[in-house]
Amino acid sequence: QQPVQSPQAVILREGEDAVINCSSSKALYSVHWYRQKHGEAPVFLMILLKGGEQKGHEKISASFNEKKQQSSLYLTASQLSYSGTYFCGTEIGSGNTPLVFGKGTRLSVIA
Amino acid sequence: NAGVTQTPKFRVLKTGQSMTLLCAQDMNHEYMYWYRQDPGMGLRLIHYSVGEGTTAKGEVPDGYNVSRLKKQNFLLGLESAAPSQTSVYFCASSELAGGYNEQFFGPGTRLTVL
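For the protein sequence lines, the chains are E and F, in the order given. Residues in the first sequence are numbered consecutively from 15, following my numbering. Residues in the second sequence are numbered consecutively from 2, following my numbering.
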């Protein structure tokens with residue numbers, strides 16, 4: 015039931031783009047994205063709901079493909095501050111259930 | 002607003018000892034969660050609560066108990082600690098589960114069981 019994230023890790027230079035994917039074997043109601051910097055707590059980035067609504071970060075975009083049961087997080091023109099581990103959390107079924115988080119994608123942005 | 006706070010920040014236990022982790026939130030959220038985070042494993046849900054006086058099991062509940070006697074507090078107990086419980090524990094809260102309700106995380110408790 016745990017969603018699968020890919021890639022596991024990626025290294026970027028400042029200004030480059032990255033895509034992080036999150037796939038589920040079950041029908042999704044919502045997908046949440048969080049970023050965690052080393053030694054800190056996860057911080058909310060985005061929520062994508064079945065049906066197309068979204069809520070979240072101004073500089074980061076994401077998509078949600080309900081048929082493929084997957085979501086992608088797009089990081090464009092990356093900055094050093096984007097470094098961290100990105101987690102997707104998935105909510106299955108008709109909603110109002112706790113999230114199940116993926117194992118994370120470690121993103122390192124270098125100068 | 003303090004948000005979500007956790008006590009203690011660090012703890013070292015010997016095998017077989019017991020302890021309680023305290024989570025407090027000041028956002029009047031209904032839902033509260035306890036996660037453990039191990040290297041390469043992501044965040045795994047231990048127990049959660051949908052309101053004062055209610056608790057439910059998550060993905061990895063064995064060896065832990067919880068209580069939510071007051072809406073703002075969620076306690077995680079280890080009755081007899083084992084080395085496999087060495088981990089970083091995060092508490093989180095949200096207004097409701099999933100949907101449009103983001104989770105707010107506490108700073109974490111790093112627990113080592115020797």
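We put the beta carbon where it would ideally sit given N, CA and C, even for glycine.
What number of angstroms, rounded off, separates the C-alpha of F105(F) from the C-alpha of T16(F)? Between F105(F) and T16(F), the C-alpha separation is close to 31 Å.
Between the region 111 to 123 of chain E and chain F, which residues of the former have CB atoms less than 9 Å from a CB of the latter, in chain order? Of all residues in the region 111 to 123 of chain E, those with a C-beta nearer than 9 Å to a C-beta of chain F are T111, P112, L113, V114, F115, G116, K117, G118, reading in chain order.
Span of the beta strand (DSSP E), counted from its first residue to its last, around H46(E): Unbroken beta strand (DSSP E) run through H46(E): 42 to 50.
Please name the residue, chosen from L46(F), S50(F), P108(F), G100(F), that lies closest to G59(F) on a Cα-to-Cα basis. If you compare the alpha carbons of L46(F), S50(F), P108(F), G100(F) with that of G59(F), the shortest gap goes to L46(F).
I'd like to know if A98(F) contacts chain E, where contact means its C-beta is closer than 7 Å to some C-beta of that chain. Yes, its Cβ sits closer than 7 Å to a Cβ of chain E.
Could you tell me the distance, in whole angstroms, from the CA atom of S54(E) to the CA atom of K64(E)? Here the sequence assigns Glu to residue 54(E), which means Ser is not the residue at that position. Taking the straight line joining both Cα atoms gives about 30 Å.
Continuous beta strand (DSSP E) stretch holding D39(F): start and end: It spans 32 to 39 - the beta strand (DSSP E) in which D39(F) sits, taken as one unbroken run.
Nearest residue (CA-CA) to R111(F), options Q73(F), G52(F), R69(F), T21(F): It is T21(F).
Cβ pair A25(F), Q73(F) closer than 7 Å: With respect to Q73(F), A25(F) sits close: the two C-beta atoms are nearer than 7 Å.
Which whole-angstrom value is the C-beta distance of K1(F) and E53(F), which I expect to be below 8 Å? Outside the shown range of chain F (2 to 115) lies residue 1(F), about which nothing can therefore be said.
Beta strand (DSSP E) runs contained entirely in the region 36 to 67 of chain F, provided each spans 3 or more residues: Along the length of the region 36 to 67 of chain F, whole beta strand (DSSP E) runs at least 3 residues long occupy 43 to 52, 55 to 58, reported in chain order.
Which residue comes first and which comes last in the beta strand (DSSP E) that contains L76(F)? Segment 74 to 79, the beta strand (DSSP E) holding L76(F).
Considering only the beta carbon of each residue, do E105(E) and L113(E) sit closer than 7 Å? Taking 7 Å as the cut-off, the Cβ atoms of E105(E) and L113(E) count as close.
Relative to the C-alpha of G107(F), which residue among R12(F), V67(F), V13(F), M33(F) is closest? Measuring from the Cα of G107(F), the nearest candidate turns out to be M33(F).
What first and last residue would you give for the beta strand (DSSP E) that runs through L23(F)? Annotation: the continuous beta strand (DSSP E) that includes L23(F) extends over 20 to 26.
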